[in-house]
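In the numbering used here, the protein residues as written are 106 to 590.
Heads up, the beta-carbon is just placed ideally off N, CA and C, and yes, glycines get one too.
If you're wondering where the values come from, they're calculated on a predicted model, not measured in any experiment.
Below you'll find the structure, written out as structure tokens, and then a few comments.
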Amino acid sequence: MTRDEQLRQTAYEEMEKHKGVVEQDPYRLHYHLMPPVGLLNDPNGFIQFKGVYHLYYQWMPFKTGHGAKFWGHYSSRDLMNWTHEDIALTPAEWYEKNGCYSGSAIEHDGKIYAYYTGNVKDEERNRESYQCLALSEDSIHFDKKGPVVHLPEGFTAHFRDPKVWEQDGTYFMVVGAQTTELKGAVALLQSEDLLDWEYRGVLTGGGQGELANFGYMFECPDLFKLGDQDILIFSPQGIEASGMKYQNVYQAGYVAGQFDSATGTFKHGNFEELDRGFDFYAPQTTVDDKGRRILFAWMSVPDQNEQDHPTIEHKWLHTMTLPRELKFVNGKVRQVPLEELRDLRAGEAIEHKVILDKESRELNGVNGKAFEMEIRDLSFSEGWFDLSIGDGCRLIYSVGEKIVTLERKSYVNGVVEKRQCKVVNLDSLRVFVDTSSIEVFINEGEETFTSRFYPSPNNDTVLFRSSNQARFTIRKWDLDHVNLK
Ligand code: FRU
106 MTRDEQLRQT AYEEMEKHKG VVEQDPYRLH YHLMPPVGLL NDPNGFIQFK GVYHLYYQWM
166 PFKTGHGAKF WGHYSSRDLM NWTHEDIALT PAEWYEKNGC YSGSAIEHDG KIYAYYTGNV
226 KDEERNRESY QCLALSEDSI HFDKKGPVVH LPEGFTAHFR DPKVWEQDGT YFMVVGAQTT
286 ELKGAVALLQ SEDLLDWEYR GVLTGGGQGE LANFGYMFEC PDLFKLGDQD ILIFSPQGIE
346 ASGMKYQNVY QAGYVAGQFD SATGTFKHGN FEELDRGFDF YAPQTTVDDK GRRILFAWMS
406 VPDQNEQDHP TIEHKWLHTM TLPRELKFVN GKVRQVPLEE LRDLRAGEAI EHKVILDKES
466 RELNGVNGKA FEMEIRDLSF SEGWFDLSIG DGCRLIYSVG EKIVTLERKS YVNGVVEKRQ
526 CKVVNLDSLR VFVDTSSIEV FINEGEETFT SRFYPSPNND TVLFRSSNQA RFTIRKWDLD
586 HVNLK
């Protein structure tokens, strides 16, 4: 047996062995993408290829911790029903022996060109990184071509997560990086044929410009057009918390501006966080045949109490976010739940027109474990309005301060913790709850809060309260269980 065959076989055995215990977990989600066993992190190689969507992902099948990652693979025709395909990449070769780390995919000549980082560590834990290429004609079987980019001068071996795209008749690659001065940076490379890559320079960060002093490492860059803007998404590490901002261990956000493909330079504005919740990292996008820019993110943050999630007892850890469509509105990136998510709605909506007057109330039929709520025409007199999901989390709007807060009971020690952001006018909320996750879309995606939370499994109430008067209309749907085949 080859090393690749061995690794595959052991991973499939691990899946079989723990299938029962994984499926019995009451916190297993109903309509999100999760690992069949072990740990899932970043979305990788997201692409629509020959009409089918493919989402590869960082996967550690052997434990609920990080390590020598595989590329797992989900595919779908409709972005809702997914098939778990055979493993795409195993860390079998010398140049990737400690992990086939994150990367991206692009179609060329009827093939998927998948770029990823080969992570290598020696006995002294010294790191090497190679940007590698693997080709596939059927999206399932990959033919590894090995390293195509070696570490350029000026960077440490924290050089990873290549994202490749075509623009103006040539190909570009952005790579997440750390300079030898230990500054976070995005490196730019260029190629005419997708095989020979030339290093063009630091695109942003690295001790220069707008992001001169912005942490020690940028992970998972992604550069694309949205409307008339070029958006660079990345996940910086080493940013200090500041007021309501940067509260998670690491961040995920974007800068908007203009990328000049001739000079390889990018003029952009300030960094904005993409999400305000506890669990959102390493987002990756693709564009589909409807022209939509679609994003998935990992619903967790590295090193943020990962080992305290209760799902570990059931041999699995972490989930993807729901897919979202990106829009650029009034100078900001918005995330809107994908249109197709409406197909998950089971049966008719439960509807209420509500006036809460200094009271707390449950609304008939508005409860459950896996559901969607659309709350519109919100108006408030003063004070605060909140809604609690089971005993696990609470969304609060403070009318005077114009602040939205998401509170949850910490899964580490039960203490209530919070994340917040300013929302000047709260008009609408779309909330997706899925047993142990919540995704809140405020004002058509102007702000989002994405989080895991762990309510007592027998508590599926939703309680609405208002310190004064709050009016709104609400529609609620149960959402179907999506079979992950
Ligand atoms: C982000 C990340 C990437 C890396 C991958 C390893 O979560 O650290 O930078 O490629 O995860 O799994």
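One question on the structure: do residue i and residue j come within less than 8 Å of each other, judged by their Cβ atoms?
i           : j           : result
residue 457 : residue 468 : yes
residue 194 : residue 424 : no
residue 494 : residue 512 : no
residue 166 : residue 150 : no
residue 373 : residue 309 : yes
residue 364 : residue 316 : no
residue 275 : residue 312 : no
residue 236 : residue 391 : no
residue 471 : residue 581 : yes
residue 538 : residue 475 : yes
residue 552 : residue 529 : no
residue 129 : residue 414 : no
residue 398 : residue 431 : yes
residue 589 : residue 159 : no
Please name the residue or residues paired with residue i in a DSSP beta bridge.
i           : result
residue 584 : 450
residue 237 : 221 and 252
residue 292 : 280 and 307
residue 373 : 362
residue 478 : 536 and 581
residue 575 : 461 and 485
residue 194 : 176
residue 498 : 494 and 513
residue 232 : 226
residue 189 : 179
residue 553 : 546
residue 530 : BP columns for residue 530 are empty, so no partner.
residue 145 : 164
Select from the options the residue whose C-alpha is nearest the C-alpha of residue i.
i           : options          : result
residue 409 : 422, 400 and 398 : 422
residue 520 : 503, 535 and 497 : 497
residue 163 : 310, 405 and 240 : 405
residue 288 : 261, 369 and 589 : 261
residue 348 : 508, 460 and 338 : 508
residue 264 : 407, 121 and 325 : 325
residue 478 : 209, 546 and 297 : 546
State the DSSP-derived secondary structure class of residue i, mapped to helix, strand or coil.
i           : result
residue 135 : coil
residue 302 : coil
residue 523 : strand
residue 210 : strand
residue 455 : strand
residue 419 : helix
residue 381 : coil
residue 182 : coil
residue 351 : coil
residue 397 : coil
Considering only heavy atoms of ligand 1 and the C-beta of each residue, which residues fall inside 7 Å, strictly closer? The set, ordered by position in the chain, is 146, 147, 163, 171, 174, 204, 206, 207, 222, 265, 266, 281, 324, 325, 340, 386, 387, 403 and 407.
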